[in-house]
Amino acid sequence: MSLDDNQEKIDVREGIVHSAIPADELARLSDDVIMALKTVYDPEIPADIFELGLIYKIDIEDDRSVKIVMTLTAPGCPVAGEMPGWVENAVGAVEGVSGVEVSMSFDPPWTPDRMSEEAQVAVGWY
Numbered sequence: 264m265s266l267d268d269n270q271e272k273i274d275v276r277e278g279i280v281h282s283a284i285p286a287d288e289l290a291r292l293s294d295d296v297i298m299a300l301k302t303v304y305d306p307e308i309p310a311d312i313f314e315l316g317l318i319y320k321i322d323i324e325d326d327r328s329v330k331i332v333m334t335l336t337a338p339g340c341p342v343a344g345e346m347p348g349w350v351e352n353a354v355g356a357v358e359g360v361s362g363v364e365v366s367m368s369f370d371p372p373w374t375p376d377r378m379s380e381e382a383q384v385a386v387g388w389y
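First residue of the sequence shown? That's 264 in this note's numbering, and the numbers climb one at a time after it.
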């Protein structure tokens, strides 16, 4: 049995998904995507969405497209319709990113314990 070129290549001995992107480029892309996410703020909370814990998953595909699963502090958030576009624009501006797909998930629901210490300090909870 051989793997199709389009399938993920997983080394089950290590639990690592291998990428066609060179390791140094993947590291740079990862850092740059996170830095881009840190430019997007929830307008009601003085902290960026990454430090707030609103980003559940970031996948950088072999074609350099980025798939992001995120949430909001509440399903009825006033910027629910706009924030995915802000994320798409911020990450899409990263050099080397070929495209961005943002999906919303409310499972698990966001809670304040997902916030980093940096975000807790920014909102005065630490």
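All C-beta atoms in this analysis are idealised placements derived from N, C-alpha and C, irrespective of residue type, glycine included. Computed from a predicted model, the values in this text were never measured in an experiment.
- In the DSSP assignment, D322 falls within the unbroken beta strand (DSSP E) covering 318 to 323.
- Residue pairing by DSSP puts D311 in a beta bridge opposite Y304.
- DSSP places V365 inside the beta strand (DSSP E), whose first and last residues are 362 to 367.
- The C-beta distance from L315 to I308 rounds to 6 angstroms, short enough to fall under 8 angstroms.
- If you look at M346, you'll find it in the alpha helix (DSSP H) that goes 346 to 355.
- Contact between the segment 355 to 367 and the segment 312 to 330 is present: 3 or more CB-CB pairs across the two stretches fall below 8 angstroms.
- For the pair V296 and W349, the CB atoms are not nearer than the 7 angstroms cut-off.
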